[in-house]
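Notes follow once the structure below has been shown.
Chains as they are written, first to last, in my numbering: chain C, 1 to 514; chain Y, 1001 to 1514.
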């Protein structure tokens, strides 16, 4: 056995532990009775600890030092192995333990602080979390030759730096300052959307969402669709588990939610089987992952073409007054723009503002330009600057998301990088695949999904974020494709004229979402 | 940290891996889509391999050599740790691997051989399995100071030997030769049982079985009830997972099956929390476990008293003609005696015959007195001797159970040791707990379950099988309690007179099941 062969065997084992953890996480959210939580914590801690030991074992370090790999995939695999091991050994055990303690203590206090909208309750605990994250960022940055914040970001998405992100986000801020009032004015001039009347019995929603996931291409011999309070995509590439939450009064949320998670699931399903359980066979990071959920949900399934199909589908399943099912009404209903305080409720135009704010604040927290005590004021000032609204309290401000309070710094940019990449990939797919929108109008996503399978899914982690986009679209991240998409959808005035019949709207598709 | 403290920490980690495996096994049976099977195999193999490495690590051996423990529980814990490690290191890696290969190859062939009822297809593969098991039995026996077959049996149930089991089984054989024809004659003289009419919609059966599990005492904040092809009890003590299989045409099978699994589940739930994830905190073995499922299902829930309650409960839920719900009819229906070829379909009177046959044959196979080529003939001769019937083919003979073909030798006696222990424990419980049967007549199992919690569940593995019975009942396994139970239930003539109303039958309970 060569050193590289031994490495692939060891990483297979590490990945099998990670797969076991993924299944136990899914179970904890979708199946586990509440009394199982403490034991589940023990199980996950044991798996994480053993995985870390395998990654930091002296034998592995020796093999990494001696291993050679030929061929692009093996070479990329070896690079990713070295990076994973470098990350694992970079952090002293004392810091790992201090971080885990700080995160756990802070997350507990955060729940109370958020419920009471009282930042002071969690301030000192968050300061300790930030201290640990600063130390971790320094240690990881030194080991990987990266800027400290970039070292944290690379834990979620490799192949893109904060220096690349900052000008992109600044340009978006300028775009939004102009676009948002215009979009709001156009929207205000249109008739208000008619609500779908329902009822939408949960059992029928289960059938609908499963059928729609299958329509995207999800094979339920390798997948499950279950229910959990917070929808997510988990599991493993050959056994992917997506969840949603049904509300009998409303069908759009579960439907769009399942389409979103199905985008994630299709990425996992399409990863290269020949590289299963190797670093290079995994998805290319969180921004890449979000691009796959958003290209399905936002780009394909909220397109005029697909909404035309969907209206007929929903009317056939749930009946009632036909008017609300018209494509133009669904577009008004499910593409409504509005300024709000809460990121997870935001529309696709304003969502990036929420992310830009968090990116800047967390970068300053890690860099030492901002202290935790000053976070609420900085948040509120930043929110006013971006969206023109002052958060009425910290629960609707800097306390709303769990990420920082659980030690996750460097994650937030992925959401908007993913949204932008989705628009860029969709544009490239449209150029490469004739008839893509006509197919969407028939409810057929297969031309899009086939293109994604080749250009993105099957690439695994061979390429980092920017290189993956270069490979698939011929250029690195180009936010112009995202703003062009938003301009066409929210500022073009098309599809906004009223409750025109589906056929009419479908004919306009080519212009609406070029 | 003392050596013993380090040991408890290490065994906690090993047990956490085992818990993770238990959850993944449950998922594989109850949740997993078929496409996840290959990856699940990788995950379970990785967990098993790491668990074995932890158990055979040099540091653990050093601590075991130096550790001292004071107090009964710690001392028992240390003894069990030493035994677990001795079992793990006793088997050479080459033998473990050869066994795994032989079992996997044989199990695959067995499925085909059983379907075709063609023993020759699997004969050579089984011979290889037996060769490995003989070698394993020798190695384990030498390491543990046990007879080779006892060493295998101890892998499933510690604290009882084949030399103790053999005379108990021989005596049962004699009892059965006399009792079975009598029971059949009594049964033949009675009216045939009226079938319950149904229908029994699956959704209503779900509600019923859950309510009955709760009635036994199962707390669903720490449990789930799901569906799988082969019902079982899995999971962990604070998150126990039972499964069943519903048939809308028949309610008895799922109902009695869930009560059986709930007996297992209550044992897991009642294990001593202070010793969670330590060897001494685990259940005392498979025979002890089976005693807990059978005391709930066979002793308590098929008693006249409980059947009286159950008839009212079922009639209220499913309605229809009242006659079949009468206690005496339910007794005839759900305590029907009959000679058959299939162990898993056997009634409680003839079930031990199936086990006795397997015990003798597997003991002879391991001891070298029987060769695999002679197994079908030996099986058929033994079956005629025990039950007076000649199996028409090997599918209904020596091919019916998976156990041997998957390398499980020494397991079978647990079924009957458990049935006998259940009768002995029930008798002791009745003597210790006044009003136990009156409570059963009200559908109240709590007096029985409280006694079991103290006498059995909370004892963990502090005591082996015989010592646990001594502790709980004042004597080692006494098959006389089982035959007395069977005599009262099947030969006493009580409760057999016809469709007497529930109150009448309930009054006789004291004599029926003394």
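Just so it is clear, CB atoms sit at the ideal spot from N, CA and C, and this is done for glycine as well.
Original post:
Taking the alpha carbon of residue 1117 of chain Y as the point to measure from, which residue in Y:1489, Y:1376 and Y:1471 has its own alpha carbon closest?
Top reply: Y:1376
Subject >> Residues in the segment 1219-1230 of chain Y having any Cβ partner in chain C nearer than 9 Å >> reply: 1219, 1220, 1221, 1222, 1223, 1224 and 1226
Original post:
Thinking C-alpha only, which one of C:275, C:159, C:210 and C:324 is nearest residue 308 of chain C?
Top reply: C:324
Original post:
So, using beta-carbon positions, are residue 1433 of chain Y and residue 1447 of chain Y closer together than 8 Å?
Top reply: yes
Subject >> Distance between residue 1339 of chain Y and residue 1350 of chain Y (C-alpha atoms, nearest Å) >> reply: 7 Å
Original post:
Taking Cβ-Cβ distances shorter than 9 Å, what residues in chain C pair up with residue 1060 of chain Y?
Top reply: Those do not exist, as residue 1060 of chain Y stays about 15 Å from chain C at its closest Cβ, beyond 9 Å.
**OP:** Look up residue 251 of chain C in the DSSP assignment and say whether it is helix, strand or coil.
**Re:** coil
Subject >> Contact set between the segment 24-41 of chain C and chain Y, restricted to residues whose Cβ is under 8 Å from the partner >> reply: 24, 27, 31, 32, 33, 34, 35, 36, 38, 39 and 40
Original post:
According to the Cβ coordinates, are residue 105 of chain C and residue 125 of chain C closer than 8 Å?
Top reply: yes
Original post:
Out of curiosity, what's the CA-to-CA distance linking residue 1013 of chain Y and residue 46 of chain C?
Top reply: 6 Å
Original post:
By the criterion of Cβ-Cβ separation under 8 Å, what are the contact partners of residue 1239 of chain Y in chain C?
Top reply: 32, 33, 35, 36, 39 and 40
Subject >> chain Y contacts from the segment 104-116 of chain C (Cβ-Cβ distance under 7 Å) >> reply: none
Original post:
Is residue 1512 of chain Y helix, strand or coil by DSSP?
Top reply: With a pLDDT of 24 at residue 1512 of chain Y, under the threshold of 50, the predicted position of this residue should be treated as unreliable, and no value is reported.
Original post:
At a Cβ cut of 8 Å, what residues of the segment 1153-1173 of chain Y count as close to chain C, listed as they run along the chain?
Top reply: none
**OP:** Taking residue 242 of chain C as part of the beta strand (DSSP E), name the residues at either end of that continuous run.
**Re:** 239-244
Original post:
Does DSSP classify residue 505 of chain C as helix, strand or coil?
Top reply: Low per-residue confidence applies at residue 505 of chain C: pLDDT is 31, beneath 50, and the placement is therefore not dependable, though the value from the model is reported in the following sentence. Reduced to three states, the DSSP call for residue 505 of chain C is helix.
Subject >> Span separating the alpha-carbon of residue 313 of chain C from that of residue 374 of chain C >> reply: 51 Å
Original post:
Which residues in the same chain have their Cβ closer than 7 Å to the Cβ of residue 272 of chain C, if we skip the five residues on either side of it in sequence?
Top reply: 281, 458 and 460
Original post:
Once you ignore the five residues that flank residue 439 of chain C on each side, which residues in its own chain have a CB closer than 6 Å to its CB?
Top reply: 447
Original post:
DSSP state of residue 4 of chain C, grouped into three classes?
Top reply: helix
**OP:** Might you give, ordered along the chain, the residues of its own chain that have their beta carbon closer than 8 Å to the beta carbon of residue 1443 of chain Y, omitting 5 neighbours on each side?
**Re:** 1215, 1306, 1309, 1310 and 1313
**OP:** Counting only the same chain and skipping the five closest in sequence on each side, list residues whose C-beta sits under 8 Å from that of residue 1020 of chain Y.
**Re:** 1047
**OP:** Identify the contact partners of residue 1292 of chain Y in chain C, using a Cβ-Cβ distance below 8 Å as the criterion.
**Re:** Per Cβ cutoff of 8 Å: no residues; residue 1292 of chain Y is ~20 Å from chain C at best.
**OP:** Look at the alpha carbon of residue 400 of chain C and the alpha carbon of residue 379 of chain C, and state the distance between them as a whole number of angstroms.
**Re:** 11 Å
**OP:** In the DSSP assignment, find the alpha helix (DSSP H) that holds residue 1132 of chain Y and state where it starts and stops.
**Re:** 1120-1144
Original post:
Can you tell which of Y:1389, Y:1250, Y:1437 and Y:1141 has its C-alpha closest to the C-alpha of residue 1180 of chain Y?
Top reply: Y:1389
Original post:
From this set, C:30, C:22, C:54 and C:56, which residue's C-alpha is nearest residue 43 of chain C's C-alpha?
Top reply: C:22
Original post:
Do residue 409 of chain C and residue 366 of chain C have their C-beta atoms closer together than 8 Å?
Top reply: yes
Original post:
Does the beta-carbon of residue 1245 of chain Y have 16 or more other beta-carbons within 10 angstroms, so that it is buried, or is it exposed?
Top reply: exposed
Subject >> Nonlocal neighbours in the same chain, by C-beta distance under 8 Å from residue 1507 of chain Y, ignoring five residues either side >> reply: Any reading at residue 1507 of chain Y must be qualified, since the residue scores a pLDDT of 32, below 50, and its modelled position is unreliable; no value is offered.
Subject >> Residues that DSSP places opposite residue 152 of chain C in a beta bridge >> reply: DSSP lists no partner for residue 152 of chain C.
**OP:** Say whether the segment 60-71 of chain C touches the segment 95-114 of chain C, bearing in mind that this needs 3 or more beta-carbon pairs closer than 8 Å, one atom from each stretch.
**Re:** no
Original post:
Alpha carbon to alpha carbon, what distance is there between residue 1423 of chain Y and residue 1382 of chain Y?
Top reply: 26 Å
**OP:** Taking residue 1210 of chain Y as the reference, give the member of Y:1226, Y:1287 and Y:1199 with the closest Cα.
**Re:** Y:1226
**OP:** Output yes or no for whether 8 Å exceeds the beta carbon distance between residue 77 of chain C and residue 278 of chain C.
**Re:** yes
Original post:
Which residue comes first and which comes last in the beta strand (DSSP E) that contains residue 1235 of chain Y?
Top reply: 1233-1236
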